[in-house]
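By the working numbering, the letter at position 355 of the sequence shown is numbered 378, and the numbering carries on one by one without gaps. Structure record follows, encoded as structure tokens.
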Amino acid sequence: MSEFYYDIMQRRNLDCYTSKHVSYPHSADFVYRTYLETINFDKERVEDIKKNKAFIIGPTEEIKKDIKSDKSIFSSKFGNTLKDLNPYIDRYKCECGYLRSTLREGETCPRCGTKVKFVDDDFSYGAYIVLKDYYVIHPNLYKKIARFITPNELDLIIKPSEDKDIDGHVIKKKKKKSTKVSKGSPYHGIGMIEFKEKFDEIMMYYLTKKKKPIFDDIMENRDAVFTQSIWVYTTYLRPVDTNTTQLAYESTNSYYYIISTLVTRINDTHLDIRKNKKNKNDLLYDVQCRYNDLYDSIISILSTKSGNFRTVFGGRTNFSGRNVIRQNVVLDIDQITLSYYSLVELLQQRIINILNKAYGYSYSAAYDCWWKANLVVDQKVVNIINSLIMGSYRQLGLPVLVGRNPTIAYGGILQMFVVGMTFDHSMCTPLRVLKLFKGDYDGDVTNVFLIINEEFLELAFRVFNPRNAMMISPNDGKFNRNTENQRDTIINANTLMRLCRHKYTPEQLAMINGIKDRLV
24 MSEFYYDIMQ
34 RRNLDCYTSK
44 HVSYPHSADF
54 VYRTYLETIN
64 FDKERVEDIK
74 KNKAFIIGPT
84 EEIKKDIKSD
94 KSIFSSKFGN
104 TLKDLNPYID
114 RYKCECGYLR
124 STLREGETCP
134 RCGTKVKFVD
144 DDFSYGAYIV
154 LKDYYVIHPN
164 LYKKIARFIT
174 PNELDLIIKP
184 SEDKDIDGHV
194 IKKKKKKSTK
204 VSKGSPYHGI
214 GMIEFKEKFD
224 EIMMYYLTKK
234 KKPIFDDIME
244 NRDAVFTQSI
254 WVYTTYLRPV
264 DTNTTQLAYE
274 STNSYYYIIS
284 TLVTRINDTH
294 LDIRKNKKNK
304 NDLLYDVQCR
314 YNDLYDSIIS
324 ILSTKSGNFR
334 TVFGGRTNFS
344 GRNVIRQNVV
354 LDIDQITLSY
364 YSLVELLQQR
374 IINILNKAYG
384 YSYSAAYDCW
394 WKANLVVDQK
404 VVNIINSLIM
414 GSYRQLGLPV
424 LVGRNPTIAY
434 GGILQMFVVG
444 MTFDHSMCTP
454 LRVLKLFKGD
464 YDGDVTNVFL
474 IINEEFLELA
484 FRVFNPRNAM
494 MISPNDGKFN
504 RNTENQRDTI
514 INANTLMRLC
524 RHKYTPEQLA
534 MINGIKDRLV
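Written as structure tokens, this is what we have:
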């Protein structure tokens with residue numbers, strides 16, 4: 024998930040594209056590229072509001088009231104969590120959200136005309152903090168402008184330098200006659216409002232030949248440089264804990280709350296009457312500084328192992344385990360064998376159910392049997408596991424996802440089939456997946472997830488199975504050399520073949536020679 028970019032898929036031969044998936048034609052002219060596009064937050068806000076994908080954050084009051092408000096950065100509109108009074112009410116609702124809860128499943132909403140149905144958590148639903156009459160700089164483009172002008176110079180421009188009296192009024196200084204030429208930029212201290220008005224003039228002032236590429240890049244996104252809309256992402260990724268004696272939340276919430284408070288003061292038209300000590304330019308400068316801090320905080324969270332972005336896609340998961348890998352040369356590229364103890368854990372509910380249905384155990388007795396099988400090998404459980412392996416998906420084996428941390432490279436996650444069981448505490452893998460895992464057999468650990476959903480299995484079988492998806496290189500369409508046999512494997516195999524050559528029958532030798540001729 025990225026708050027500041029869209030992953031835009033540019034497709035040629037659009038007749039090959041369907042709403043369900045992309046089918047690649049057998050043509051060398053087919054081009055499939057991915058581009059990053061800078062978001063215009065103001066245009067995006069209009070579209071999101073139209074599609075009911077976001078809402079506008081209201082004025083801040085105080086933290087205790089904002090926690091309970093549906094118009095704050097902590098709004099329940101983002102979705103409920105397990106700590107809410109009714110955590111699953113939003114799982115069943117109509118498109119507009121007027122009718123909610125499982126009790127109304129199947130009812131037609133009088134407002135939007137859609138039926139109440141199951142809706143999963145929506146991580147794309149968000150909100151916007153909106154400046155009414157003023158603008159700040161897009162955080163990503165701020166980085167580019169700072170690089171173009173230099174960070175210190177940009178800060179000197181947008182930071183107001185006017186002196187004020189105790190009531191916040193600007194003190195006008197008398198100009199002194201001087202024959203000296205003033206040093207520095209003529210735009211220092213003009214503030215955010217005038218910077219926006221004179222942006223093109225200022226950019227031309229700092230333009231040099233060396234800076235021309237950066238200048239062109241910024242001006243290509245000229246309409247997105249200044250924005251009134253600040254995107255607020257879902258609370259699923261920045262949760263707040265109100266059950267403790269002190270309010271606990273992720274760091275991004277503090278930046279959002281400060282920004283929301285500052286924007287409320289900027290939008291308040293009565294501030295001039297109240298004679299606030301800070302004028303609009305000062306407040307806009309503070310908003311920009313916090314906005315930049317928020318941007319840096321999000322980048323830091325995404326690039327490290329901390330924060331709720333990683334927690335959503337990591338952590339402990341049911342029907343999963345971790346195993347040290349070792350080799351098994353007889354396995355095909357999409358096959359593994361697992362330890363008995365791992366399989367007992369992965370197949371817990373299936374084993375208990377079979378003990379109840381087929382062996383006549385009560386569920387309590389079946390659970391006790393399963394628990395003891397974790398400690399001592401139980402032949403009944405061994406038979407059940409073997410039958411599940413033999414009778415699984417297309418009789419190929421028990422389908423699982425196997426991944427080695429960090430799973431950031433193509434092939435880091437594979438869909439494999441468990442075809443056998445061992446009675447030690449390790450997992451056996453084929454040699455040909457080592458390059459995909461970027462691993463070896465010196466104690467590397469992989470994560471194993473049991474696949475229990477048939478629809479997901481079909482997709483994983485097509486996308487993550489090494490036999491189906493990894494043999495062809497995604498870079499050039501040729502054979503993926505990461506999946507070929509390793510050099511030492513070929514040398515050893517060749518050596519063994521030559522050592523045993525004298526034992527081959529004439530028929531076997533003829534078959535080998537025939538294979539050689541066909542390869543040539």
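Ideal placement from N, C-alpha and C gives every residue a C-beta, glycine not left out.
Counting only runs of at least 3 residues, the region 64-120 fully encloses the following beta strand (DSSP E) elements, listed from N- to C-terminal order: 77-79. By the Cβ neighbour-count rule, Asn406 is exposed, with fewer than 16 other Cβ atoms within 10 Å of its own. Its chain contains Tyr157, Ile216 and Ile289 as the residues whose beta carbon lies nearer than 7 Å to that of Lys303, once the 5 sequence neighbours on both sides are disregarded; these appear in chain order.
The C-beta distance from Leu437 to Phe487 rounds to 6 Å, short enough to meet the 8 Å contact threshold. Going by DSSP, Ser252 is part of the beta strand (DSSP E) stretching over Ser252 to Val255.
Looking at the DSSP output, Gly136 sits in no beta bridge, so it has no partner there.
Counting only residues of its own chain and dropping the five nearest sequence neighbours on each side, Tyr308 has a CB closer than 8 Å to the CB of Ile181, Lys182, Pro183, Gly214 and Met215. With fewer than three CB-CB distances shorter than 8 Å, the region 161-175 does not count as touching the region 92-99. When C-beta atoms of the region 139-151 are compared with those of the region 76-84, three or more pairs fall below 8 Å, so the two segments count as touching. Here Val400 carries a coil assignment [DSSP, helix/strand/coil].
When secondary structure is reduced to three states using DSSP, Ile436 falls in the strand class. In the three-state scheme derived from DSSP, where H, G and I count as helix and E and B as strand, Ser277 is classed as helix. Looking at the backbone, the Cα of Val159 and that of Pro429 are separated by about 37 Å.
Inter-residue distance for Thr452 and Ile408 is about 19 Å (C-alpha atoms, whole angstroms). Looking at the backbone, the Cα of Thr506 and that of Ile513 are separated by about 13 Å. Counting along the chain, the unbroken alpha helix (DSSP H) around Cys312 starts and ends at Lys303 to Ser326. Here the C-alpha atom of Ile72 lies approximately 24 Å from the C-alpha atom of Gln311. With respect to Arg345, Thr469 sits close: the two C-beta atoms are nearer than 9 Å. Spanning the alpha carbons of Pro236 and Phe222 requires a straight line of approximately 17 Å.
In the displayed model, Phe342 falls within coil according to three-state DSSP, outside both helix and strand. With a minimum length of 4 residues, the unbroken runs of alpha helix (DSSP H) contained wholly in the region 443-488 fall at 457-460 and 477-486. When C-alpha distances from Asp447 are compared across Leu398, Thr284 and Ile356, the shortest belongs to Leu398. Comparing C-alpha distances from Glu176 to each of Thr137, Ile225, Arg427 and Val142 shows the shortest one belongs to Ile225.
Taking 3 residues as the minimum length, the beta strand (DSSP E) runs contained wholly in the region 145-191 are 149-153, in order along the chain. Inclusion of Pro422 and Leu482 in the CB contact set at 9 Å is not warranted, their separation being larger than that value. If you look at Gly426, you'll find it in the beta strand (DSSP E) that goes Leu421 to Gly426. Cβ-Cβ distances below 7 Å link Asp305 to Pro183 in the same chain, with the five nearest sequence neighbours on each side left out; the list follows chain order.
Met439 is the residue among Met439, Asp465, Thr231 and Asn476 whose C-alpha sits nearest the C-alpha of Ile356. Residue nearest to Leu361 within the set Met450, Tyr210, Cys523 and Asp463 is Met450 (criterion: CA-CA distance). Between Leu457 and Gly435, the C-beta gap is not smaller than 9 Å, which leaves the two residues out of contact.
It is roughly 34 Å from the alpha-carbon of Lys88 to the alpha-carbon of Glu130.
It is roughly 20 Å from the alpha-carbon of Thr250 to the alpha-carbon of Thr83.
Here Gln402 is exposed. Its C-beta has fewer than 16 other C-beta atoms within 10 Å.
Here the alpha carbon of Cys119 sits roughly 9 Å from the alpha carbon of Gly136. Residues Asn379 of the same chain have their beta carbon placed closer than 8 Å to that of Ser385, with the five preceding and five following residues left out of the count. Taking the Cα of Ile359 as reference, the smallest distance to any Cα among Leu419, Ile535, Lys395 and Met242 is reached at Leu419.
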